[in-house]
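Asker: Next up is a structure, given as structure tokens.
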Ligand SMILES: Nc1nc2c(ncn2[C@@H]2O[C@H](COP(=O)(O)OP(=O)(O)OP(=O)(O)O)[C@@H](O)[C@H]2O)c(=O)[nH]1
Ligand SMILES: [Mg+2]
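In the working numbering, the protein residues as written are -14 to 293.
The following block contains the structure:
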């Protein structure tokens, strides 16, 4: 698996490196604030979040009597970490007979790949995992999940192309109970004839799950492609409104300069990022750690802040 530092290389080299230059060895001037604002906007952090950050930075600069730009850099890092909220480590144990994770997101965002990665992590912690191929809209989507499942030795419950995804999910739950599976991960469609249809279908799947398993789905993870930058935000809002997303998997952070969108996503959607996708290989899914994430966006590590 690439290191977080490698994954964030393009984001770091494009904008955050320049933020570091602006917040270098000089006193803060009005130009410092203007430059910082311009760079944060260019970094795909988005206008509302940039404004929020600048307001808290100005307040802290004045409260703490900060005059040097370099000191402001440290405060910026702290505020960026605060914005992302606390880390939420994966609880690989479960008290439930059957835990259900539903995975949603637009087509091509990386749902199926992320499900493969996630299920192999759970399986390696001793969990008995099963997958439901509820994306029946595309025949290739069913194949993709089945091929992967065969390779990893993880059973996949699928229906025929264009069959009712609700029925697939229902069958998968029954199969999971029968085979004493303790984790069912549901792959869903990213595209139907219309967006309205897609949201209706996802709601329906949710209801099927909820009727068959107490409190299910226990997690609903939204997969967002980081390369979409700001466009990802509106897409995400649609899913969050329709199916109540509990966490985000942010994919394709490797090779994009748009990693700053991470801050906009958390700040504008109020949903925590749980995992980041760092490549196409099976091991390329990392748990999201806000502090490490921010640290690796900047060129040099601040002394004393890499002690965890
Ligand atoms: N570089 C990189 N590529 C990724 C990552 N995650 C997924 N991909 C690639 O993105 C493409 C789409 O991934 P899928 O998992 O098929 O996406 P999906 O959301 O299931 O797509 P649909 O089934 O069409 O809705 C594939 O080529 C993946 O290899 C990642 O973290 N980094
Ligand atoms: Mg898929």
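Glycine included, C-beta positions come from ideal geometry on N, C-alpha and C.
#1: Within the segment 7 to 53, note down every full alpha helix (DSSP H) run reaching 4 residues or more, in order along the chain.
#2: Thinking C-beta only, is residue 0 closer than 8 Å to residue 242?
#3: Use the C-beta contact count for residue 122: other C-beta atoms within 10 angstroms, 16 or more gives buried, fewer gives exposed.
#4: Ligand 1 heavy atoms versus the CB of residue 265: any closer than 7 Å?
#5: Inspect the CB distances between the segment 152 to 164 and the segment 56 to 68 and report whether three or more fall short of 8 Å.
#6: Mind checking who residue 143 pairs with in its DSSP beta bridge?
#7: Looking only at C-alpha atoms, which of 138, 98, 104 sits nearest to residue 126?
#8: What three-state label does DSSP hand residue 259 in the structure shown?
#9: Taking only heavy atoms of ligand 1 into account, decide whether any of them is closer than 7 Å to the Cβ of residue 98.
#10: Measure the C-alpha to C-alpha separation of residue 228 and residue 200 and round it to an integer number of angstroms.
#11: Given this structure, state the Cα-to-Cα distance separating residue 82 from residue 222, to the nearest angstrom.
#12: Could you have a look at residue 210 and say whether DSSP puts it in helix, strand or coil?
#13: Could you pull the start and end residues of the alpha helix (DSSP H) that residue 78 belongs to?
#14: In whole angstroms, give me the CA-to-CA distance for residue 27 and residue 172.
#15: With H, G and I counted as helix, E and B as strand and the rest as coil, what does DSSP make of residue 85?
#16: What is the DSSP secondary structure of residue 235, counted as helix, strand or coil?
#17: Between residue 87 and residue 194, how many whole angstroms is the CB-CB distance? I'm expecting something under 8 Å.
#18: Return the first residue and the last residue of the alpha helix (DSSP H) that residue 250 is part of.
#19: Nearest-angstrom Cα distance between residue 282 and residue -12?
#20: How about residue 175 and residue 104: do their beta carbons lie closer than 8 Å?
#21: Near residue 256, what residues of its chain come up, given a Cβ to Cβ distance below 6 Å and the 5 sequence neighbours on each side ignored?
#22: Please confirm whether residue 141 and residue 119 have their CB atoms less than 8 Å apart.
#23: Which partner residues does residue 205 have in the DSSP bridge list?
Answerer: A quick look at the data gives this:
#1: 15 to 27, 32 to 48
#2: yes
#3: Label assigned to residue 122: buried.
#4: yes
#5: no
#6: The partner list for residue 143 (beta bridge, DSSP) reads 118.
#7: 98
#8: strand
#9: yes
#10: 14 Å
#11: Computed Cα separation, rounded: 32 Å.
#12: DSSP, reduced to helix, strand and coil, places residue 210 within a strand of the structure shown.
#13: Premise fails: residue 78 is in no alpha helix (DSSP H) and is neither H nor E.
#14: 34 Å
#15: strand
#16: Correct three-state label for residue 235: strand.
#17: 7 Å
#18: 246 to 254
#19: 12 Å
#20: no
#21: The residues are 230, 233.
#22: no
#23: 87
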